[in-house]
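Counting from 1 along the sequence shown, just add 15 to a position and that's the residue number in our numbering. Just so you know, even glycine gets a beta-carbon here, dropped at the ideal spot from N, CA and C. Written below as structure tokens is the structure these notes are about.
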Amino acid sequence: MTKQIELIGNHPKEDHPFGSWLDANDIPATATKCHRELTEKNEEENEDLILWMANTLVKHHYSTFRLEQLKKKYKELGFEKYAEQYRKLPIVDKVKKGNATEILLTEYIQSTLNRELIKVFKLKYNPNVDQAIKGDDTLMVDLFESEGGNDLKIYLGESKFRKKPSRQVVNDVSASLEKEKMPLSYSFLVEEIAKSDVELALKLDDFIVQDIKDKGQLIYTGLLFSNKDTSRFVESNLNNDNPELIFISIGIKNPENFINLVFEKANQLIANPSAL
């Protein structure tokens, strides 16, 4: 079993969008580098992948309440103004790329673990959709039963998009996930969960994050989404002695076009929300 599999599990199989889109290579880990290389299987445009990712963008940006309201208002006069008033998908290019890359990391970790993790879709809470939210890029928790009762794993992530990879961006992701780093958003997650599921929130509230970290159950996940040179830059520059860190590189022919296509499709779905 590779170190990468120990930390986050196997790359998903062909029946999952990530499995059909990307090949995985777990490069032998060292004391300062644990890297999973993901590369596209086919450079041709994949409509099924674009549609899946567009729906995923909508799920991360819009609450169930807002989607239901959009569906109700769709046939009414003035729908376009209504939809714009409650727009949650960003227009600013940098924010689109950042949000999409965060979502890729969140969904990828869940796909490798083959389970839905406890998380807050923080993009739904952004009062300024065209500005990035501060704080942890991704924070997800896995509550499970062990011999001693409830136990917890925390997945803390940092993600970056670049049209072209560089040494600097690899260093930036790595520096955000040093072994001393603690999640900033755990208390926020518990508070938000409490609004809809008090019992679950109380279980999460019993855990001390430092204790989870001390048991090696705080997993650090970095992602760089860029072009076909991404893996090479990660291999050449990653130097991090955090034993619980995995760095994931996604390298495809045209990452910028991918982002544009998925947001274009997501906006089409919101413009005609009856199919959502």
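| Asked | Found |
| --- | --- |
| Short Cβ contact (8 Å threshold) for residue 84 with residue 110 | no |
| Proximal residues to residue 32 (C-beta, below 6 Å), its chain only, five neighbours per side dropped | 64 and 67 |
| Check whether residue 236 and residue 266 have beta carbons under 8 Å apart | no |
| Residue(s) in a DSSP beta bridge with residue 51 | 41 and 263 |
| Contact test: residue 77 Cβ vs the ligand SAM heavy atom, cutoff 7 Å | The model on display carries no ligand, and the ligand SAM is accordingly not part of it. |
| Distance between beta carbons of residue 40 and residue 52, contact taken as under 8 Å | 4 Å |
| Nearest-angstrom Cβ-Cβ length linking residue 254 and residue 48, presumed shorter than 8 Å | 7 Å |
| C-beta contact flag for residue 223 and residue 169 at 8 Å | no |
| Within the stretch 212-276, ranges of the beta strand (DSSP E) (whole runs, at least 3 residues) | 233-241 and 260-266 |
| Residue from 194, 95 and 206 with nearest C-alpha to residue 231 | 194 |
| Rounded separation between residue 70 and residue 188 - CA only | 27 Å |
| Local conformation of residue 94 per DSSP, three classes | helix |
| Simplified DSSP assignment, three categories, for residue 106 | coil |
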